[in-house]
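Peer 1: For what it's worth, our numbering labels the leading residue of the sequence shown as 10, then goes sequentially.
My structure is below; once you've seen it, I'll send some questions.
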Amino acid sequence: MAKPLPDTKGRFGRYGGRYVPETLMAPVQELARSYDHFRKQRGFKAELSRLLAEYVGRPTPLYLAERLTKELGGAQIYLKREDLLHTGAHKINNALGQCLLAREMGKTRIIAETGAGQHGVATATAAALLGIDCVVYMGTEDMRRQRLNVYRMELLGAEVCGVDSGSQTLKDAINEAMRDWVTNVENTHYVLGSVLGPDPYPRMVRDFHRVIGTEARRQLRKMAGRGEPDVAVACVGGGSNAMGLFQVYLDSKKVDLVGVEAGGRGGDLGDHAARFSGGELGVLHGARTIVLQDDHGQVSTTHSVSAGLDYPAVGPEHVYYADKGRIEFVRASDEEAVDAFHRLAATEGILPALESAHAIAEVIKRAPTMDEKSIMLVNLSGRGDKDVESVLEWDAAARGGVAAEVTPHPSANPSATTDGEDGA
């Protein structure tokens, strides 16, 4: 495997880079310099490590799901319990790291985008802890699906700004956050929530989440006698939780890496968010990557029962390793994800986030085909409290014999194209 990426231009092979308007190039470069400086500073690293342990709740447990393993047969299933972190998801790792960095940079205002609400809650939490003003942009469709998280952000002192444009989901929230950043670059840091956007975001977010894989490997070695599973599985929206787990195993050819995308309700464009099933090369939100787009190059609408996977592009590092054949990408449908949500709840007493339920759906398919000595390591990236209303809607529709429609989407935002330097 090649040396760690990206290169000095922020590229993972032909992906990534810094495709931003001129007004954002200076703050992006400033952020890259600041991150490269502070991530090496002993004081910064020590404070982040202390807060991750004392405030966030690291290390998270690694749990052998014995009942699910027995019920499925085949591979032993280990769950990395990021759902047990403060705020309920892995997002706090990155949010806290970036907010600490913003404070060191002298920024007095934080902005963020959110889809499922977990990144917004995590950013609002970190901002409250550090005494920094916080504004979170969220599509109004996602606000409807995630009312509890909207209120949590407001309780934490954040201003939640609804976005009515486009599909009213994550893509549109990122659009608005980037517009805000252009206007307020002097005092504002944008806490991007996944391994997306212009450099340094893909590598910075990846690095803040690497702790997931580092812990899991150490814990698996202690529990199972070996640190390397046969298969490591994670859901992939932007791809932050997956990259956090996969990083430590990229050089190990013994470990199969599997990312699970949102298969939605069907294979037609607009009915899913599976970028590796029909996406094409484009530029969106500052990075060159694979984007779901129509014949005119316009960003397509997407669909997923899970708000956090409902995004038309994917992190550029994921695309790089897909091209190399190092990460396999599969998809799980809405129905499979909801079934997995119920299955894990019934067998293990754990409500997974609907995002994580996509990974569990792949486990349900794959584990029975494997030897009982094999190990599947799954990143349970978040808890499902936030998704109970969505699952309730789905179940009610299923009982009534009506096709479940949890996430209706208006037409795509016509201003969000993939063929220009400015992906915002």
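Glycine is no exception: its CB is placed at the ideal position from the N, C-alpha and C atoms.
No experiment lies behind these values; they were computed from the predicted model shown.
In the structure shown, what three-state DSSP assignment does residue 248 receive?
Peer 2: Position 239 of the sequence shown, counted from the start, is the residue given in the question as residue 248. Of the three classes helix, strand and coil, the one that applies to residue 248 here is coil, per DSSP.
Peer 1: Would you call the CB atoms of residue 204 and residue 248 closer than 8 Å?
Peer 2: Here residue 204 refers to the residue found at position 195 of the sequence shown. Here residue 248 refers to the residue found at position 239 of the sequence shown. Yes, the Cβ-Cβ distance between residue 204 and residue 248 is below 8 Å.
Peer 1: If residue 127 and residue 317 are in contact, beta carbons under 8 Å, what's the gap, nearest whole angstrom?
Peer 2: Residue mapping note: residue 127 aligns to position 118 of the sequence shown, counting from 1. Residue mapping note: residue 317 aligns to position 308 of the sequence shown, counting from 1. Confirmed, about 7 Å.
Peer 1: Taking DSSP as the reference, what is the three-state secondary structure of residue 97?
Peer 2: The residue you call residue 97 lines up with position 88 of the sequence shown. In this structure, residue 97 counts as coil in the three-state DSSP scheme.
Peer 1: Give the straight-line distance between the Cα atoms of residue 214 and residue 55, rounded to the nearest whole angstrom.
Peer 2: As a first step, residue 214 is located in the sequence shown; it is residue number 205 there, counting from the start. As a first step, residue 55 is located in the sequence shown; it is residue number 46 there, counting from the start. Distance between the alpha carbons of residue 214 and residue 55: 18 Å.
Peer 1: How long is the line joining the alpha carbons of residue 334 and residue 348, rounded to whole angstroms?
Peer 2: Reading the sequence shown from its first residue, position 325 is the one you call residue 334. Reading the sequence shown from its first residue, position 339 is the one you call residue 348. Computed Cα separation, rounded: 29 Å.
Peer 1: If you drop the 5 nearest sequence neighbours on each side, which residues of the same chain put their C-beta closer than 8 Å to that of residue 257?
Peer 2: Here residue 257 refers to the residue found at position 248 of the sequence shown. The answer, listed in chain order, is 219, 222, 223, 225, 226.
Peer 1: What first and last residue would you give for the beta strand (DSSP E) that runs through residue 116?
Peer 2: Locating residue 116 in the sequence shown gives position 107, where the first residue counts as 1. First-last for residue 116: undefined, no H or E at that position.
Peer 1: According to DSSP, which residues form a beta bridge with residue 361?
Peer 2: Mapped onto the sequence shown, residue 361 falls at position 352. Note: residue 361 sits in a beta bridge opposite 392.
Peer 1: What is the residue span of the alpha helix (DSSP H) that residue 221 lies within?
Peer 2: The residue labelled residue 221 in the question sits at position 212 within the sequence shown. Where residue 221 is concerned, the enclosing alpha helix (DSSP H) stretches over 210-233.
Peer 1: Go ahead and label residue 277 buried or exposed: buried means 16 or more other beta carbons lie within 10 angstroms of its beta carbon, across all protein chains shown.
Peer 2: What you label residue 277 is simply residue 268 of the sequence shown in a count that begins at 1. Exposed is the call here.
Peer 1: Out of 87, 69, 40, state which residue places its alpha-carbon closest to the alpha-carbon of residue 387.
Peer 2: Here residue 387 refers to the residue found at position 378 when the sequence shown is read from its first residue. Per the Cα distances, 87.
Peer 1: Relative to the alpha-carbon of residue 84, which residue among 327, 37, 330, 241 has its alpha-carbon at the smallest distance?
Peer 2: Residue 84 sits at position 75 when you count from the first residue of the sequence shown. If we check each option's Cα against that of residue 84, 241 comes out closest.
Peer 1: When you compare each of 332, 180, 396, 62 to residue 360 by their alpha carbons, which one comes out closest?
Peer 2: Taking the first residue of the sequence shown as 1, we reach residue 360 at position 351. Among 332, 180, 396, 62, the Cα nearest to that of residue 360 is on 396.
Peer 1: What runs of the beta strand (DSSP E), each 3 residues or longer, lie entirely inside the region 100-183?
Peer 2: Those beta strand (DSSP E) runs which fall completely within the region 100-183 and span 3+ residues are 118-123, 142-148, 168-172.
Peer 1: For residue 211, which residues of its own chain have a beta-carbon under 8 Å away from its beta-carbon, when the five flanking residues on both sides are left out?
Peer 2: Indexing the sequence shown from 1 puts residue 211 at position 202. For residue 211, where only same-chain residues beyond five positions count, the Cβ hits under 8 Å are 15, 19, 21, 25, 204, 205, 296, 324, 325, 326.
Peer 1: How many angstroms separate the CA atom of residue 271 from the CA atom of residue 58?
Peer 2: Position 262 of the sequence shown, counting from 1, holds the residue named residue 271. Position 49 of the sequence shown, counting from 1, holds the residue named residue 58. Their backbone Cα atoms lie some 33 Å apart in a straight line.
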